[in-house]
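Peer 1: Handing you this structure, nothing more for now.
2 protein chains.
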Amino acid sequence: MVDWKNPPRLFIPGPVLVKDDVLQQLARPTLGHRGKEYAQIHGETVDMLKKLLFTEQNVFISTSSASGIWEAAIRNCVAPDETVLCTMCGAFSDKWSSVAKSCGREVEELKVEWGTATTPELIDEKLASGNYAAITLVYNETSTGLTNPVCDISKMMKEKYPDVLVFVDAVSAMIGLPMHFDELGWDVAFASVQKAFAIPPGLTVAAVSNRALEKAKTVPDRGYYFDFLAWAKSAEKNQTLVTPNIPHIMALNYQCHKLVKEGMENVWKRHKEMADFVRAWAKEKFDLFCEEKYASNTLTAVKNTKGINVAKTIKAVQEKHNTVFGNGYGKLKEQTFRIAHMGDINLDDLAELLAWIDEETG
Amino acid sequence: MVDWKNPPRLFIPGPVLVKDDVLQQLARPTLGHRGKEYAQIHGETVDMLKKLLFTEQNVFISTSSASGIWEAAIRNCVAPDETVLCTMCGAFSDKWSSVAKSCGREVEELKVEWGTATTPELIDEKLASGNYAAITLVYNETSTGLTNPVCDISKMMKEKYPDVLVFVDAVSAMIGLPMHFDELGWDVAFASVQKAFAIPPGLTVAAVSNRALEKAKTVPDRGYYFDFLAWAKSAEKNQTLVTPNIPHIMALNYQCHKLVKEGMENVWKRHKEMADFVRAWAKEKFDLFCEEKYASNTLTAVKNTKGINVAKTIKAVQEKHNTVFGNGYGKLKEQTFRIAHMGDINLDDLAELLAWIDEETG
């Protein structure tokens, strides 16, 4: 029986499992968003986020899903007569391209087959052939479990195309994978909190470079809700432009405290250990969908080499254990399945889940 | 000492006081937003909202503050070469005009002095003089505590300007004041949940007419995040276009159940009783800022006829009772102060607050 008040434990690649102590943060008494209490939690949270993302530039908290920042990056930092290069390697990077078009911008597309990486060489070749204001990258494609070589790409960009802005969808990467925002020379990078921050959905964190703000000053009709310049002005007062999602910011504050204490090297190591564990299992029982060197440390897309009925297996695990993992995304349904290993999920949780899948698939 | 973990009880006109049982709804285990559990709560919630707003058309749930819908109404339903008439009678209606401009639309402004109403006659005069695609109205100006005569305006619009779309900011009105969306002939009306729904901020409810959706089909570059047509397509599956703010939807579901059970006539009556109580006190001790026939049933703006130091009074009440009410907004600071009486605030809460203000002001 479907009962939203008793939902399954989540191992889908987002929203991911949220622990009870984190959920309880959402239930704190609320604040006036123009009062001192709000400025206090806002400032405290942004300071921690800057440490976690290795930036001294701007970190904004957006009351939206991450897809709002797909649009924000384009509307703020690409003028109507400029062209953006959208790299496409899966459902979410593909979607960003259509969002850019819906904002009336010229889009050039660089497509690779789902499950393969977007390399610096491919981007270089494309950028050399035209005049681009910006590129869009997806750090970790949630639909295919693939991590793009963003460090190599960023190095190439800094060397050869220093004037092209770099926008990075870090939705299933941020916190789980290294992200030295300033050093990478990125301009916009963002993630919603229902991935490796391990908070229910409803809020997004965005790092924005100073030069992105400078660029925005030259772009007309940026709109209101996602206007980076208005955001920056409010941020000076430790406020947000619009009334913010305060319960989620309370949960974000709580999670940031834990992450700062743990230290990002340890956080990334913890994610790698979970990924190694799931990948070892996947290789033994099935196979990885991506080439191993690009396989993500936050989720694994397993290639269904045994031809199991994925939907039926998920249903069986749900019925017996009130727990779900993810089928393949879109056209990869049944050909793959996906297991999240990020945020507050741990090795014990994963061992339990994998044993249950084994039970169903022999 | 500022401590966001022990914030004051809120009688500011939003976010308003949220009761513990409502806060606890935010802490429920989260859901997969493409799963059956989410579709269940979404469908159930939207069905109830349609009853509360007296509409058989579209009700959308937006993971944004209400100001997102200021922008959405414009971007979706006003073409770039069309003109919108923005009525302006306070800080929030004024802001909507600047939002419309930031979207690159032609705006004509109809201003009245803060604290006075926008009448059907004024609108009629303006509309007769030009070619307008839409008008923006604020049902209840939170900055001045004024309720515009929206029923009379709507009647006039239906009779004389049936082709002009009607967009209504119902932020501090929805639930607290009557809103028969279909009968009024409105096209977009919206409110965030931190007002009379009595939920912390982070979510917005928007009613959208079928003809607004038809109009959107003719408007280019609507963008992605606030695209009504994409919203409508997702709504058919009881889903949202983007990953939604699930904890707030759980709280909204809980509040809707209570409101449906109470019945909207009773809900409005309860708000009127609270307003009568606060207004009687205000008239005895100070005065009302607005003409009484336009004074809001969800908040009262009190005219500071005694010349008390408002900021100091608020501070004293906060220090003694960990409770705050609102100073005047913007240019009305110190000239007025504001007390919210909506949502789950009750007469006992208000009696306590007013006695504390009396203690400070003699």
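Residue numbers (my numbering), protein chains in the order written: chain A, 11 to 372; chain B, 11 to 372.
All C-beta atoms in this analysis are idealised placements derived from N, C-alpha and C, irrespective of residue type, glycine included.
Keep in mind that this is a model prediction, so the values were computed, not measured.
1) Would A/A37 pass as an interface residue toward chain B - the criterion being a Cβ-Cβ separation below 7 Å?
2) Quick one: list the residues of chain B neighbouring A/E81, beta-carbon separation under 9 Å, in chain order.
3) Let me check understanding here. Comparing Cα to Cα, which of A/P230, A/G155, A/T371 lies closest to A/A82?
4) Taking the C-alpha atoms as reference points, what is the distance between B/G233 and A/N141?
5) Any idea what DSSP makes of B/V109, helix, strand or coil?
6) Kindly indicate which three-state DSSP category A/A72 falls into: helix, strand or coil?
7) List the endpoints of the continuous beta strand (DSSP E) containing B/V178.
8) Between the Cα of A/E369 and the Cα atoms of A/T40, A/H351, A/I318, A/L342, which residue gives the shortest distance?
9) Report yes or no: do three or more beta-carbon pairs, one from the stretch 255-263 of chain B and one from the stretch 253-267 of chain A, lie closer than 8 Å?
10) Give the secondary structure of A/D192 by DSSP, where H, G and I count as helix, E and B as strand, and everything else as coil.
11) So, for A/L59: in the same chain, excluding its five sequence neighbours on each side, which residues have a beta-carbon less than 7 Å away from its beta-carbon?
12) Within the 7 Å Cβ cut-off, does A/N255 reach chain B?
13) For B/P39, is the classification buried or exposed, using 16 other Cβ atoms within 10 angstroms of its Cβ as the cut-off for buried?
14) Please tell me whether B/T308 and B/A199 are closer than 7 Å, where the distance is taken between their beta carbons.
15) Cα-Cα, which of B/V160, B/R115, B/W106 is closest to B/E131?
16) Near B/L251, what residues of its chain come up, given a Cβ to Cβ distance below 6 Å and the 5 sequence neighbours on each side ignored?
17) Check for me: the alpha helix (DSSP H) holding A/N373 runs from which residue to which?
18) So, helix, strand or coil for B/S103, using DSSP?
19) Excluding the 5 residues flanking A/Q204 on each side, which residues of the same chain have their C-beta closer than 7 Å to its C-beta?
20) Cβ of B/Q265 less than 7 Å from any chain A Cβ?
21) Could you compute how far the alpha carbon of A/N220 sits from the alpha carbon of A/F191?
22) Thinking A/V174 and A/L213 are a contact (beta carbons under 8 Å), I'd like their distance in whole angstroms, please.
23) Counting only C-beta atoms, is A/T40 closer than 7 Å to chain B at any point?
24) Using three-state DSSP, classify A/F64 as helix, strand or coil.
25) Cβ closer than 8 Å: which chain A residues qualify as neighbours of B/E123?
26) Between which two residues does the beta strand (DSSP E) containing B/K121 stretch?
27) Would you call the stretch 281-298 of chain A and the stretch 70-80 of chain A in contact, with 3 or more CB pairs under 8 Å?
28) Between the Cα of A/H331 and those of A/L187, A/W366, A/G42, spot the shortest distance and give me the residue it belongs to.
29) Can you pull out the residues from the stretch 130-156 of chain A whose beta carbon lies closer than 9 Å to at least one beta carbon of chain B?
30) Just to confirm the assignment, what range does the beta strand (DSSP E) spanning B/G336 have?
31) DSSP three-state call for B/S139: helix, strand or coil?
32) How about the stretch 96-105 of chain A and the stretch 141-155 of chain A: do they share at least three Cβ pairs that are nearer than 8 Å?
33) Which residue from B/S306, B/G78, B/M189 puts its Cα closest to that of B/F64?
34) At a CB-CB cut-off below 9 Å, which residues of chain A make contact with B/H351?
35) State the Cα-Cα distance for the pair B/V176 and A/R115, rounded to the nearest angstrom.
36) Note down, in chain order, every chain B residue with its Cβ under 7 Å from the Cβ of A/I22.
Peer 2: Here's the rundown:
1) yes
2) G233, Y234, Y235, F236
3) A/P230
4) 23 Å
5) helix
6) In the sequence as displayed, the identity of residue 72 of chain A is Ser instead of Ala. Looking at A/S72 - three-state DSSP - the assignment turns out to be strand.
7) 175-179
8) A/I318
9) yes
10) helix
11) V69, V215, C266
12) yes
13) buried
14) no
15) B/V160
16) A240, W241, S244
17) Any question about residue 373 of chain A goes unanswered here, given that chain A covers just 11 to 372.
18) helix
19) G24, P25, V26, P210, P211
20) no
21) 12 Å
22) Not a contact, Cβ separation roughly 29 Å.
23) yes
24) coil
25) Simply none; closest approach about 24 Å.
26) 116-121
27) no
28) A/W366
29) none
30) 333-337
31) coil
32) yes
33) B/M189
34) Under the 9 Å cutoff, chain A gives no residues; its nearest Cβ is about 16 Å from B/H351.
35) 29 Å
36) G42
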